[in-house]
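Novice: Please see the structure below; I have some questions.
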Amino acid sequence: MSARTIRRTMLISLLVLGGFLMMVPFLWMISTSLKTRAEVFQVPPVLFPASPRWENYLDMWNALPFATFFLNSIKLATLNTVGQLISCSLAAYAFAALRFPFRGPLFGLLLVTLIIPAQVVLVPNFILYRLLPDPFSVSGNWIGTHEPLWVGAFLGGAFGTFLLRQFFLAIPGELADAARVDGANPWQIYRYIYMPLAKPALATLAIFTFMWSWNDFIDPIIYLRDLETFTLTAGLSLFQGQFVGKWPLLMAGALVSVIPMIVLFVIAQRHFVRGITMTGIKG
Amino acid sequence: MTSLRRPTTRQGSPLGHEGRWALLFLAPTLIGLAVLSAGPILATLAISLTKWDLLTAPQFVGLDNFAALMSDDRFLKAMRNTIFYTVVSVPLGMAIALGLAMALNQTIRGIAFIRTAYFLPVVTSTIAIALVWQWIYSSDAGLLNQAIGLFGIPSQRWLSDPVLVMPSIVAMSIWQGLGINVIIFLAGLQAIPTELLDAASVDGAGRWARTRHITLPLLTPSIFFTGILSLIGSFQVFDQIYVLARPKPTEATITIVYFIYENGFKFFKMGYATAASWILFIIVAALTAVYFRSQDRWVHYQ
C-alpha cells in the first residue's frame, strides 16, 4: 500500500468514527427509551435492552397530552411556513424586479434586522400582543393564544426575503419584459413567471421556516399558558420538570419530538444544504 | 429593450406606477418592520428608561435601570458567562468544522451518509437534544462518566460543578452547531478551482503549503461568514441553559438572554429587562461592526 492509500484509509476511518460519535446521543436516546428502569442505571451500560420496553412510548404519550402538542406544533409550523412564503416572496419580488424610491436603503434596513437578536425585541413584542384584543381568549388579548406565534410570519422576514431575492435576481429580465408587452401587470408577472420559476428556493424557505417554528422554544413558553395550547418543545420542557430522572420516558418523548424533523431532513437534504450555502443561516 | 420601462413618474404620483405596485408588494414587510422589528428596537430604548410591571402605569426613571444593572451581580455573571461561551464556542466550533470540511471534501462512497451524521443535530430541537445531553452528563450512571471511568478517571458532576458546567454546555452546543459551519465550508472548498491546486502541486508545493497559501486564503469569505453567524448565535444562548440548568440557572450558568427572560417574564420588570436587551443589542451591533471592518485585512474575495 502506498503512503497515499494509507493516509486516505486513516482519514476515512477517522471520519466514520467521528460520524459515529456524532450519532451517539441519538443512539443513546433510542436505546434508553426502550429500557426498563433497572437497565437504565446498569453498569456497564447496555446498548440493546434485553427485551425492548415499547410500553415506555405509551406511558410517555399518555403522561401529557402529547397528541395535542403534536397538532399544535404542526398547525403553527404550517401557518408560519405559509405566511413566510407569501410575505417574503412578495417583498423579494419588489426588491428584485421593481424600481421605486429608497429601494436600496429599505433593503439595507431589512438586512440589518437579520443581525438583531430576536430576543432584543421580546419585551416590546410581548407588550404589543398584550394590547391586541381577542374576545375568545381568557386574557382578553393575544397572550395565551397561538396568534403571537404565527401572525408575525405573514409580515415578512429578512432571511426569506434575502433568500428569494437572490433567486429572483437570477431570473432573466427578458421574461418579464415579454409579459409586460403582452399587457401583464406586476402581480401577474410575480404570480405566473417568478413564483413558478422559484419553486426550489420556495421549497428551501418552506423547510427552514417549518424547522424554526417546530424547534422554537422561547416564544411558546412566553406566550402560552394552557396545556391545550402547548407546542412539543414547551410540552417536552414541562414533561422534563415532571418526570425528573425517568430517563426512558424522557428519551421517548425527545425522540418522538425530533422524528418529524429528521424525516423532513432526510427527504429534503438538498434544500437544507442550498438554504445554508445561499444565505448561511439557521435560527 | 429599455423603451419598455416606462418613465416612472408619468402617472403623477411621486412613487410612479411601479412604485405603487412596490408599495403593495412590500406592505406586509413594511408593517412587520414597523411593529415587530425596527419599531420595537426604538420601543426598547423608551421602555428601558421606565419602571414598569405592566399592571400599573410606567414610571420614568431615567438611566436608573442601567445603573442598577452595572451593580447587579447576576447581570454581570450573565455577561461573563455569555462572553465565556462566545470566546470558547465560536473559534473552537469553527476550527473543528473547518478541519472536518477539509476531510469531507472528497469523493468516497458513502460520504453523503457521513455528512448526514454530522448535520442531523442541526435540524433537531435544542430542547430535545439538551434532554439527551442532560442524561449523558448525569452524575448518576450517565454515559460520559461511565466512558471516562474506563480510563480510570473519576466521575464528574458535569452539570452542577460550577467550573465544569459552562464547558459542558459549550461542548453540547458545538456538537449541535457543527453541521452548519461544515456545510458552508464545504461549499467554499468546492468553489476553489482545482487547476489552482494542481498548478501548485506541479510547482512542488506540498499539502501543507497548498492549504496554507491557496485553500485557506480562498476560504476566508466562508470563514468570515460562519464567524458572523456563530458570533450572533452565541449571544442568543437560551434553550440549552433552560434545560441543562434546571430548576433555574445559577451564577455559573445564567446568560444574557436568560437574564432578559427571567426579569421580563418571571419578575415582570419590563424596564429592567429591556435595559438588558438594549445592552445585548449594543454589544452585538458593536461586535458586528468591528468584525465587518476587519474584513479588509484578512478576507480575500476572488
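So the sequences go chain by chain: D and U.
The first sequence begins at 1296 in this note's numbering and counts up by one.
The second sequence begins at 32 in this note's numbering and counts up by one.
Using N, Cα and C, we set each Cβ at its ideal position, and we do this for glycine too.
A quick note: this is a predicted structure, and the numbers were derived from the prediction, not measured.
If you pair each beta-carbon of the stretch 99-113 of chain U with each one of the stretch 215-228 of chain U, do three or more pairs fall below 8 angstroms?
Specialist: With the cut-off at 8 angstroms, the stretch 99-113 of chain U and the stretch 215-228 of chain U do not touch.
Novice: Helix, strand or coil: how does DSSP classify U/F91 here?
Specialist: U/F91 sits in a strand when the DSSP states are folded into three classes.
Novice: By alpha-carbon positions, which one of U/T75, U/P89 and U/A74 ends up nearest to U/T81?
Specialist: U/P89
Novice: State the beta-bridge partners of D/N1436 as determined by DSSP.
Specialist: D/P1428
Novice: Return the chain-ordered ranges of every alpha helix (DSSP H) run that is complete within the stretch 72-121 of chain U and spans a minimum of 4 residues.
Specialist: 95-101
Novice: According to the Cβ coordinates, are D/G1540 and D/M1355 closer than 7 angstroms?
Specialist: Result no, Cβ atoms of D/G1540 and D/M1355 do not sit closer than 7 angstroms.
Novice: Sort U/D103, U/T284 and U/I214 by Cα distance to U/A143 and report the nearest one.
Specialist: U/I214
Novice: For U/A21, which option in D/L1342, D/L1531 and D/T1300 has the closest C-alpha, if you only look at C-alpha atoms?
Specialist: The structure shown does not extend to residue 21 of chain U, since chain U is modelled only from 32 to 333, so the question has no answer here.
Novice: Under 7 angstroms between the Cβ atoms of D/C1383 and D/G1313?
Specialist: no
Novice: Can you pull the chain D neighbours of U/M301, defined as C-beta to C-beta under 8 angstroms?
Specialist: V1418 and I1422, listed in chain order.
Novice: Can you say whether U/V274 is buried or exposed, counting buried as having 16 or more other CB atoms within 10 angstroms of its CB?
Specialist: buried
Novice: Does DSSP classify D/I1484 as helix, strand or coil?
Specialist: helix
Novice: Under 7 angstroms between the Cβ atoms of U/V233 and U/Y116?
Specialist: No; because the gap between Cβ atoms is not below 7 angstroms, this pair is not in contact.
Novice: Can you list, in chain order, the residues of its chain whose CB lies under 6 angstroms from that of D/G1578, leaving out five sequence neighbours each side?
Specialist: Residue confidence is low: D/G1578 scores 35 on pLDDT, short of 50, so the model does not pin down where it sits. Its coordinate-derived value is still stated next. These residues qualify, in order along the chain: W1507.
Novice: Are there 16 or more other CB atoms within 10 angstroms of the CB of D/V1561, so buried, or fewer, so exposed?
Specialist: In summary, D/V1561 is exposed, with fewer than 16 beta-carbon neighbours lying within 10 Å of its beta-carbon over all protein chains present.
Novice: In the stretch 1475-1542 of chain D, which residue ranges form an unbroken alpha helix (DSSP H) of at least 4 residues, counting only runs that do not cross its ends?
Specialist: 1481-1484, 1494-1510, 1513-1518 and 1527-1537
Novice: With a Cβ-Cβ cutoff of 7 angstroms, do U/L61 and D/A1389 count as a contact?
Specialist: no
Novice: Could you tell me whether the Cβ atoms of U/G124 and U/S261 are closer together than 7 angstroms?
Specialist: yes
Novice: Can you pull the chain D residues whose beta carbon is under 7 angstroms from the beta carbon of U/L30, in chain order?
Specialist: No information on residue 30 of chain U is available, as it lies outside the stretch 32 to 333 that chain U covers here.
Novice: Could one say the Cβ of U/E293 lies closer than 7 angstroms to chain D's Cβ atoms, at least one of them?
Specialist: no
Novice: Once DSSP output is grouped into helix, strand and coil, what is the label at D/F1390?
Specialist: helix
Novice: Taking C-beta pairs closer than 7 angstroms, name the residues in chain U that D/T1327 reaches, listed in chain order.
Specialist: Scanning chain U for C-beta atoms nearer than 7 angstroms to the C-beta of D/T1327 yields W166, reported in chain order.
Novice: How far does the alpha helix (DSSP H) with D/P1397 in it reach, from first residue to last?
Specialist: The question names Pro, yet the displayed sequence has Phe at residue 1397 of chain D. Taken as a continuous stretch (DSSP letters only), D/F1397 belongs to no alpha helix (DSSP H), as it is neither H nor E.
Novice: Is any beta-carbon of chain D found at less than 7 angstroms from that of U/A307?
Specialist: no
Novice: Mind checking if D/S1308 is an interface residue toward chain U, Cβ cutoff 7 angstroms exclusive?
Specialist: Output row for D/S1308: interface = no.
Novice: Going along the chain, which residues of the stretch 175-196 of chain U sit with their C-beta nearer than 8 angstroms to a C-beta in chain D?
Specialist: Q177
Novice: Please list the terminal residues of the continuous alpha helix (DSSP H) segment that includes U/P248.
Specialist: Counting along the chain, the alpha helix (DSSP H) containing U/P248 begins and ends at L247 to S265.
Novice: If you draw a straight line from the alpha carbon of D/N1510 to that of D/L1426, how long is it in whole angstroms?
Specialist: 27 angstroms
Novice: From which residue to which residue does the alpha helix (DSSP H) around D/I1301 run?
Specialist: A1298 to S1328
Novice: Give the DSSP-derived three-state secondary structure of D/G1455 in the structure shown.
Specialist: helix
Novice: Is the CB of U/I272 under 7 angstroms away from at least one CB in chain D?
Specialist: no
Novice: Using the beta-carbon count (16 or more within 10 Å), is U/M301 buried or exposed?
Specialist: Buried.
Novice: Just to check my reading of the structure: U/Y322 and U/I259 have Cβ atoms closer than 8 angstroms, yes? What is that Cβ distance to the nearest angstrom?
Specialist: 6 angstroms
Novice: From what residue to what residue does the alpha helix (DSSP H) around U/A320 run?
Specialist: M301 to W329
Novice: Would the stretch 1495-1503 of chain D count as touching the stretch 1550-1566 of chain D if we require 3 or more Cβ pairs under 8 angstroms?
Specialist: yes
Novice: Do the stretch 279-296 of chain U and the stretch 105-112 of chain U make contact, defined as three or more Cβ pairs closer than 8 angstroms?
Specialist: yes
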